[in-house]
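Everything on this sheet refers to the single structure shown next.
Protein chains: 2
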Amino acid sequence: MRWLQFTPPGGKTTHGTLDDQDRVHAVRGLPWEAHEATGQIHALADVKIEVPLLPRTFYAAGLNYVKHVHEQAARTGKPLNIPPQADIGYRAVNALVAHEEDVVIPADAKQMEYEGEVVVVVGKKAKNLSEREALDCIFGYTIGNDVSERLWQASDRTFWRAKNTDTFKPMGPWISTDFDLAKAETRVTVNGEVRTEFHTGEMLYDIRTFITRMTRYLTLYPGDVIWMGTDGKSPLIKAGDVVEVDISGLGVLRNRFVAEST
Amino acid sequence: MRWLQFTPPGGKTTHGTLDDQDRVHAVRGLPWEAHEATGQIHALADVKIEVPLLPRTFYAAGLNYVKHVHEQAARTGKPLNIPPQADIGYRAVNALVAHEEDVVIPADAKQMEYEGEVVVVVGKKAKNLSEREALDCIFGYTIGNDVSERLWQASDRTFWRAKNTDTFKPMGPWISTDFDLAKAETRVTVNGEVRTEFHTGEMLYDIRTFITRMTRYLTLYPGDVIWMGTDGKSPLIKAGDVVEVDISGLGVLRNRFVAEST
């Protein structure tokens with residue numbers, strides 16, 4: 001099942017399911033709670049795709065693939081920093097934009113890069129899950145682009161503007177409830193040219209490990225998301241570039257980068 | 263005006279205002295949006311005080327008072343780290359608890375401390391505010407206790423469990439729309455004994471500076487909160503201790519620390 005949030009022409013933003021004929025079936029209610037079909041059906045091409053959900057808490061694994069850790073060490077000139085344990089981080093909802101919405105490059109940003117990531121969407125309240133139970137709280141998966149300004153990431157005390165400037169967090173296009181992580185490949189293209197490719201499932205700490213460790217200390221809630229990190233390296237992205245994050249089985253998240261109008 | 267969120271006996275959680283006779287007047291709607299009195303009035307003593315709001319984004323200034331920066335350097339053995347600019351950080355909503363709710367000390371936590379903080383509650387959508395305009399987006403102020411486990415803060419790659427373990431973020435008891443920061447004193451007591459006192463307004467970077475800088479890059483939304491940091495040093499807190507954060511004009515936020523039941 002594929003769940004999206006959308007706005008029909010002249011209508012109200014709502015959740016719905018996407019069928020194999022690219023038709024969107026509107027529902028009343030949240031995907032991970034009781035809901036019912038409204039009977040309204042739209043062609044996907046006729047609706048505005050929205051961010052699939054506004055997370056309650058927006059978690060991000062950060063460094064979680066081997067090549068990316070090496071790339072970070074090379075870029076910053078700092079020693080190799082393999083995380084010794086699955087310590088989760090945070091991003092902020094202000095920065096979210098939907099599939100096909102623009103990423104706005106601030107006038108003073110100099111080193112924009114992408115990070116294509118698989119995103120876990122939590123569907124059930126969960127605390128103290130065992131490794132065996134850990135995946136039971138997952139509702140589905142979507143795609144995220146953890147857009148980053150690397151100079152701010154190096155200079156600032158936190159990631160607040162390096163990673164959470166408005167529009168720096170494309171997410172979507174929809175949530176898939178059926179996803180085979182072990183078989184998935186992440187492929188990121190810039191203006192149609194493949195620039196990054198990796199096995200989505202080859203994480204340093206897998207989803208099960210993160211959820212088990214997180215729920216030892218914190219409660220996960222329906223509508224929380226966990227961005228699982230990226231691998232490899234991004235070229236510099238400039239205004240006009242179109243970045244597509246394609247994860248097999250999840251779809252393609254496409255966003256154009258544009259210059260801030262000053 | 264003082265706004266609280268509360269649950270009346272056998273009733274539904276709602277917002278309301280608190281008058282000078284300790285009566286709570288329930289309203290329909292959010293304090294910072296259109297709302298109307300329901301006509302229901304309760305004695306404060308009869309209702310359960312809830313967290314005054316569930317923030318959309320939970321911002322925290324972190325190191326923002328001079329003595330606290332010195333104390334941190336002394337504690338960690340690291341060089342003095344005066345933040346060179348107002349870089350905001352984040353906390354997580356899972357960790358919030360209300361006035362009079364317990365802070366649960368995890369079985370493996372060893373070094374629990376408090377941080378009494380003034381909290382800004384945003385009431386208007388805001389982007390690119392000038393210094394002159396910066397305070398216009400504020401709805402009111404409340405109190406926060408940024409409970410921290412210092413060993414995890416030192417050992418982990420992020421603050422996820424050091425500061426965001428469930429129950430580590432008491433906030434409340436209510437939001438005051440009239441508050442004179444310049445005259446305010448923060449006083450933290452443990453079991454009735456004063457352990458920390460400071461001038462609430464003597465920040466490294468004031469609220470105006472933070473909001474101006476933040477809204478250069480990000481949009482603030484109604485229901486966002488900004489915790490402004492703390493000064494001084496906390497003693498070690500153990501199970502059974504009652505911590506009260508008193509900020510003049512805002513009230514008292516009181517929470518008991520208890521051991522995790524294992």
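These protein sequence lines are chains Y and S, in that order. Residue numbering for the first sequence follows this note's numbering, starting at 1 and increasing by one per position. Residue numbering for the second sequence follows this note's numbering, starting at 263 and increasing by one per position. In this text, a Cβ means the ideal position worked out from N, Cα and C, and glycines have one as well.
Using a 10 angstroms sphere on the CB of residue 81 of chain Y, the tally of other CB atoms stays under 16, which defines it as exposed. With distances taken between CA atoms, residue 161 of chain Y lies nearest to S:472 out of S:291, S:316, S:472 and S:369.
Nearest in C-alpha terms to residue 75 of chain Y, of all of Y:113, Y:96, Y:202 and Y:242, is Y:113. Under the 10 Å beta carbon count, residue 267 of chain S is surrounded by 16 or more other beta carbons and is classified as buried. DSSP, read as helix, strand or coil, puts residue 321 of chain S in strand. The C-beta of residue 123 of chain Y comes no closer than 9 Å to any C-beta of chain S. Near chain S, meaning a CB-to-CB distance below 7 Å, the residues of the region 51–78 of chain Y are 56 and 57. Along the region 424–443 of chain S, going in chain order, the ones with a CB nearer than 8 Å to a CB of chain Y are 426, 427 and 428. The continuous beta strand (DSSP E) containing residue 264 of chain S extends over residues 264–269.
When DSSP states are grouped into helix, strand and coil, residue 302 of chain S belongs to the strand group.
Proximity to residue 495 of chain S across S:516, S:478, S:452 and S:502 peaks at S:452, based on C-alpha coordinates.
In chain order, 321, 349, 350, 351, 352, 476, 479 and 480 make up the part of chain S whose C-beta sits under 9 Å from the C-beta of residue 160 of chain Y.
At least 9 Å separates the beta-carbon of residue 509 of chain S from that of residue 416 of chain S.
Contact check for residue 427 of chain S against residue 218 of chain Y passes: the beta carbons are separated by less than 9 Å.
In the DSSP assignment, residue 328 of chain S falls within the alpha helix (DSSP H) that extends over 328–338.
Counting only the Cα atoms, residue 475 of chain S lies some 44 Å from residue 41 of chain Y. Counted as a single uninterrupted DSSP element, the stretch harbouring residue 54 of chain Y is not any alpha helix (DSSP H), since DSSP gives it neither H nor E.
In the DSSP assignment, residue 407 of chain S falls within the beta strand (DSSP E) that extends over 400–407. Chain order gives the chain S residues near residue 221 of chain Y as 355 and 356, where near means a beta carbon separation below 9 Å. Inter-residue distance for residue 401 of chain S and residue 361 of chain S is about 20 Å (C-alpha atoms, whole angstroms).
Residue 63 of chain Y counts as buried, since at least 16 other C-beta atoms from the protein chains shown sit within 10 angstroms of its C-beta. The C-beta distance from residue 310 of chain S to residue 276 of chain S rounds to 11 Å, too long to meet the 8 Å contact threshold.
What residue 368 of chain S touches in chain Y, judged by beta-carbon distance under 9 Å, is 216 and 217, going in chain order.
Burial is judged here by how many other beta carbons sit within 10 angstroms of a residue's own beta carbon; residue 33 of chain Y has fewer than 16 and is exposed.
Rounded to the nearest angstrom, the Cβ distance from residue 485 of chain S to residue 384 of chain S is 7 Å, consistent with a contact under 8 Å. Residue pairing of residue 515 of chain S in beta bridges, as defined by DSSP: S:507. Comparing alpha-carbon positions, the option among Y:207, Y:171, Y:220 and Y:196 lying closest to residue 182 of chain Y turns out to be Y:207.
Bounds of the alpha helix (DSSP H) holding residue 163 of chain Y are 160–164. When secondary structure is reduced to three states using DSSP, residue 479 of chain S falls in the helix class. Residue pairing by DSSP places residue 469 of chain S opposite no residue, since no beta bridge is assigned to it. In the three-state scheme derived from DSSP, where H, G and I count as helix and E and B as strand, residue 294 of chain S is classed as coil. Residue state for residue 23 of chain Y is assigned as strand, using DSSP reduced to three classes. Excluding sequence positions up to five before and after residue 50 of chain Y, its CB lies within less than 7 Å of the CB of 5, 6, 7, 13 and 98, all in the same chain and listed in chain order.
The Cβ atoms of residue 405 of chain S and residue 264 of chain S do not sit closer than 9 Å to each other.
The Cβ atoms of residue 518 of chain S and residue 505 of chain S sit closer than 9 Å to each other. Measuring C-alpha to C-alpha distances from residue 465 of chain S to each of S:457, S:456, S:454 and S:448 identifies S:448 as the nearest.
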